[in-house]
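Trainee:
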């Protein structure tokens with residue numbers, strides 16, 4: 002029991018709540034040095050104070066717990082680089098939000114100049130192979146990449162070919178609290194069968210409202226603004242969605258310059274019916 006302090010003292014010295022300390026323990030970030038087997042009271046060592054304060058500092062700059070773990074496990078120089086990588090990413094996100102912030106201000110001022118140009122088109126029925134999963138914003142990018150690669154691998158093994166661009170359907174809001182689900186779809190005209198988590202279905206023919214985005218507009222804040230703009234466009238014309246909103250990705254995505262068209266945000270729709 003030498004050099005141990007009860008959780009209350011440790012919480013006071015680190016300014017962390019008991020709830021936060023339990024969370025950090027559950028996430029394997031800051032486990033108690035000793036737990037009394039009879040009373041279940043948690044004890045910490047004074048050597049853990051600095052680690053607790055470091056976690057607090059990283060949380061202060063918005064770092065998610067899933068990224069804090071690798072920082073704590075890394076050596077000094079590598080740990081510092083992981084924090085630098087995170088901050089560079091946050092900086093890019095901040096700059097990506099600026100056009101959307103201007104768009105919001107213009108909308109509130111009643112200005113009609115649109116950040117998004119919205120058009121319509123007819124989409125034919127198509128067969129798709131798909132993977133669907135509940136996923137929050139933190140895991141979205143990874144899921145999209147993994148699901149796409151899984152579908153491509155399946156098509157290759159089946160001797161099947163793509164018949165159109167891959168797209169992701171958002172059946173619910175995806176953010177830090179909402180988890181979709183999200184469905185990644187790969188169109189194909191080849192004969193295919195469902196297997197494991199890969200399903201097969203028909204995407205019905207529909208009329209679609211859409212807006213084109215360039216590679217430089219593909220960050221989350223701008224994409225979120227495009228979804229909102231499409232919803233407002235439909236409302237203003239007495240139209241209603243007939244299926245979930247989606248992102249459509251074009252093959253030039255990986256190598257495109259910032260000004261190249263790489264994706265569409267789209268919503269299937271129909272005219273409102275009178276009840």
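Numbering (this note's numbering), first residue to last: 2 to 276.
Using N, Cα and C, we set each Cβ at its ideal position, and we do this for glycine too.
In this text the structure is predicted, and so the values were computed from the model without any measurement.
1. In angstroms, rounded to a whole number, what distance separates the CA positions of residue 258 and residue 48?
2. Go through its chain and collect everything with a Cβ distance to residue 75's Cβ below 7 Å, but skip five positions before and after it.
3. Answer yes or no: do residue 159 and residue 124 have a C-beta to C-beta separation smaller than 9 Å?
4. Put residue 192 into one of helix, strand or coil per three-state DSSP.
5. Nearest to residue 244 by CA position, among 152, 201, 232, is which residue?
6. Using alpha carbons as the reference points, say which of 261, 116, 228 lies closest to residue 104.
7. How long is the line joining the alpha carbons of residue 138 and residue 179, rounded to whole angstroms?
8. Can residue 199 and residue 152 be called in contact, C-beta distance under 9 Å?
9. In the structure shown, what three-state DSSP assignment does residue 113 receive?
10. Considering only the beta carbon of each residue, do residue 235 and residue 268 sit closer than 9 Å?
11. Go to residue 142, then tell me how far its alpha helix (DSSP H) extends in each direction, as first and last residue.
12. Could you tell me if residue 239 is buried or exposed, where buried requires 16 or more neighbouring beta carbons within 10 angstroms of its beta carbon?
13. Just the Cα atoms here: how many angstroms apart are residue 24 and residue 146?
14. For residue 201 versus residue 129, is the C-beta distance shorter than 9 Å?
15. Ordered along the chain, which non-local residues of its own chain (more than five positions away) have a Cβ less than 6 Å from that of residue 271?
Mentor: Well, looking at it:
1. 49 Å
2. 83
3. no
4. coil
5. 232
6. 116
7. 8 Å
8. Pairing residue 199 with residue 152 gives a Cβ-Cβ distance under 9 Å.
9. Low local confidence applies: a pLDDT of 48 at residue 113 is under 50, so the model's placement there is unreliable, and no value is given.
10. yes
11. 138-158
12. exposed
13. Each residue's alpha carbon lies about 29 Å from the other.
14. yes
15. 243
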